[in-house]
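Position in the sequence shown (from 1) plus 39 gives the number in the working numbering.
Take a look at the structure below.
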Amino acid sequence: MFQREIDDAEWANPDNWFLDIFYVSRRDSRSFVPKRGCDEMAGATVNFARPAGLLLFVGIFAFLGLMYWLTRR
């Protein structure tokens with residue numbers, strides 16, 4: 040089985056979706072996957088099982104926290 044087929048099968052598996060918005064699959068090689076229930080042009084969501092995806096998620100919230108902290112000084 041090719042990696043593209045594995046990625047597509049993992050994305051289609053409902054067990055890999057938490058609350059239909061959080062995607063977690065170690066077998067999927069992509070850090071960003073198409074949103075579920077939308078066409079491909081609607082955007083992407085993060086694969087929280089991939090280091091790059093998790094780092095981006097944490098980085099965004101760290102940046103927002105820093106901006107909040109700087110405006111309250």
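Ideal Cβ placement from N, Cα and C applies to all residues, glycine included.
Item to check | Within 9 Å, strictly: CB atoms of ILE45 and ARG75 | outcome: no
Item to check | Among TRP50, GLY104 and ARG111, the one whose alpha carbon lies nearest that of SER64 | outcome: TRP50
Checklist entry - Since ALA101 is in the alpha helix (DSSP H), which residue starts that stretch and which ends it? => result 90-110
Checklist entry - At which residues does the beta strand (DSSP E) containing ALA81 begin and terminate? => result Premise fails: ALA81 is in no beta strand (DSSP E) and is neither H nor E.
Checklist entry - Which same chain residues, not among the five before or five after ALA88, have their C-beta less than 6 Å away from its C-beta? => result VAL63, SER64 and ARG65
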